[in-house]
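Colleague: Here it is, the structure, as structure tokens.
Residue numbers (the working numbering): 4 to 247.
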């Protein structure tokens, strides 16, 4: 990050990421006692600057992701040892700036996501058919975990299986123009990655002209741009321009 950008962010009510996550180690200790598990938390990028308005909306999502990591990810000490892991689980939170975004990841070295179990639960809930389950991609399957009320837990506990799932996290993040996705490896762990705009008050934009009208798209919502040769543009029956 350039010094000029750093100074600009400081002037727009930015605060260190540490103010968002300093309470999380205590939450991990309390959950460990409740679940008879052992885990430690590592926080990287504590000095990364976060818009104060964003920070105020991150508390609940971060708490929920920690609960999820402890409940679904980190295994009991004896289970970890049987799998050749240290008895103490590791949860790692990272925060950094990437282009015009703030990126936050929450990782654990736990059990990972059982794709077959997710498929079974999704079929039971009518979210997809048996045929669709055979062809669904890994990342699309993980995305089902954000469906309202979805849980892989059969038994209801204080921290899981109550129908209050990851959909709450995604909804909260969308309110601040954020996005979240999941990646996981069975037996090795799971990572949730959150992408947020640098600030809610300042945003880079992609400016375009359509029929002489100027349109600006927030850059944090632009995934890719394509340079289309003129010869690939044609007109359909309705008189609309189309890309062939």
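Where is the CB? At the ideal position from N, CA and C, for every residue including glycine.
1) Residues in its own chain within less than 6 angstroms of residue 90 by CB, not counting five upstream and five downstream?
2) What do you get for residue 73, buried or exposed, if any count of 16 or more other CB atoms within 10 angstroms of its CB means buried?
3) Run through DSSP, which three-state label would residue 49 get?
4) Going by Cα to Cα distance, which pick from 88, 94 and 244 is closest to residue 66?
5) Whole angstroms are fine: how far does the CA of residue 97 sit from the CA of residue 107?
6) Excluding five sequence neighbours on each side, which residues of the same chain lie with their C-beta closer than 7 angstroms to the C-beta of residue 188?
7) According to DSSP, simplified to helix, strand and coil, what is residue 150?
8) Can you tell me which of 219, 214 and 224 puts its alpha carbon nearest to the alpha carbon of residue 201?
9) Pairing CB atoms from the segment 19 to 37 with CB atoms from the segment 46 to 54, are three or more of them under 8 angstroms?
10) Tell me the residue span of the beta strand (DSSP E) that contains residue 108.
11) If you follow the beta strand (DSSP E) that residue 122 is in, where does it begin and where does it stop?
12) Any contact between the segment 56 to 65 and the segment 174 to 191? By contact I mean 3 or more CB pairs, one from each, below 8 angstroms.
13) Distance, Cα to Cα, residue 151 vs residue 226?
14) So residue 193 is in the beta strand (DSSP E); what residue range does that whole segment cover?
15) Which one or two residues does DSSP pair with residue 209 in a beta bridge?
16) Just the Cα atoms here: how many angstroms apart are residue 219 and residue 101?
17) Can you say whether residue 193 is buried or exposed, counting buried as having 16 or more other CB atoms within 10 angstroms of its CB?
18) Helix or strand or just coil, what does DSSP make of residue 29?
19) Assuming residue 17 is part of the alpha helix (DSSP H), what are its boundary residues?
20) Which two residues bound the contiguous beta strand (DSSP E) that contains residue 95?
21) Per DSSP, what kind of secondary structure is residue 34 in: helix, strand or coil?
22) Enumerate in chain order the residues of its own chain whose CB-to-CB distance from residue 147 is below 8 angstroms, with the five nearest sequence positions on each side excluded.
Modeller: On the basis of the supplied data:
1) 41, 80, 83 and 84
2) buried
3) coil
4) 94
5) 6 angstroms
6) 115
7) coil
8) 224
9) yes
10) 104 to 111
11) Segment 118 to 127 is the alpha helix (DSSP H) holding residue 122; no beta strand (DSSP E) there.
12) yes
13) 26 angstroms
14) 192 to 200
15) 220
16) 21 angstroms
17) buried
18) helix
19) First-last for residue 17: 17 to 19, but that is the beta strand (DSSP E), not the alpha helix (DSSP H).
20) 92 to 101
21) helix
22) 121, 125, 130, 131 and 153
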